[in-house]
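Since the structure comes first, as structure tokens, the remarks are kept for the end.
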Amino acid sequence: EGDCITRSLQMYDTTTIKWEYRAPLPDDIGATCGAQAIAINDSMLVAGGYSRICANYLPTTNTWVKMSEPNLHHQYGSMVVCDCRVFILGGDCNDGENEEQRVSPAVEEFDFENNQWILSDIKLPMGLYLHHAVSLEGM
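The numbering used here applies: residue 110 is where the sequence shown begins, and numbers increase by one.
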């Protein structure tokens, strides 16, 4: 499927001390490159990337649930959980049409209750990609 585009998922089993393949991203969600993943509520949310996917992986059932796509690509951006809220930050947001908007300072928040991404009025100080973000308790 290409050098970096994949549907595969591997999970590290701390009991057997081995990596094992789990359910791949289904066809209706699609493969992606440069997406982000975070653990939240006993699941793993994968979002962004070249194909603007958003899917929630449920390890207890080894299944994926398709979620609403972000407004922007956020390829090679970062994602973080802060106070049980999910944010996706920056990344290469080029849609192939507007080269000037390639690296974006955009921030989106995922609303789990309504299954939608909301563009925030707050932006990063500059466009960033290939970066990391962390949430610091009490900050």
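Just so it is clear, CB atoms sit at the ideal spot from N, CA and C, and this is done for glycine as well.
Return the chain-ordered list of same chain residues with a C-beta closer than 8 Å to the C-beta of I231, the five sequence neighbours on each side being excluded. If you number the sequence shown from 1, residue 231 lands on position 122. Contacts found: V216.
Alpha carbon to alpha carbon, what distance is there between I114 and A148? Start at 1 with the first residue of the sequence shown, and residue 148 comes out as number 39. Start at 1 with the first residue of the sequence shown, and residue 114 comes out as number 5. In a straight line, the C-alpha of A148 is about 21 Å away from that of I114.
Spatial neighbours of R161 within its chain, please: CB distance less than 7 Å, with the 5 preceding and 5 following residues excluded, ordered by chain position. As a working note, residue 161 is residue 52 in the sequence shown. Correct list, in chain order: E178, P179 and H182.
What's the C-alpha gap between D137 and S244? Residue numbering aside, residue 137 sits at position 28 when the sequence shown is read from its first letter. Residue numbering aside, residue 244 sits at position 135 when the sequence shown is read from its first letter. Looking at the two C-alpha atoms, the distance is approximately 32 Å.
Under the three-state reduction of DSSP, which class applies to N171: helix, strand or coil? In the sequence shown, residue 171 corresponds to position 62, counting from 1. Note: N171 maps to coil in three-state DSSP.
Look up C100 in the DSSP assignment and give the residues it is bridged to. Residue coverage of the chain in this structure runs from 110 to 248, which leaves residue 100 outside it and unanswerable.
For V190, I'd like the list of residues in its chain whose CB is within less than 7 Å of its CB, leaving aside the five on either flank, ordered along the chain. As a first step, residue 190 is located in the sequence shown; it is residue number 81 there, counting from the start. Excluding positions up to five away in sequence, the list reads I147, I149 and S244.
Apart from the five residues on each side of it in sequence, which residues of its chain come closer than 7 Å, Cβ to Cβ, to A242? Position 133 of the sequence shown holds residue 242. The residues are S187, V189 and L198.
Between the C-alpha atoms of L233 and R116, what's the straight-line distance to the nearest angstrom? Counting from 1 along the sequence shown, the entry for residue 233 is found at position 124. Counting from 1 along the sequence shown, the entry for residue 116 is found at position 7. The straight-line gap from Cα to Cα measures roughly 30 Å.
CA-to-CA distance, Q184 to D151, given in whole angstroms: In the sequence shown, counting from the first residue as 1, residue 151 sits at position 42. In the sequence shown, counting from the first residue as 1, residue 184 sits at position 75. If I take the Cα positions, the gap works out to 25 Å.
Which runs of the alpha helix (DSSP H) at least 4 residues long sit entirely within the stretch 111-147? Give them in chain order. none
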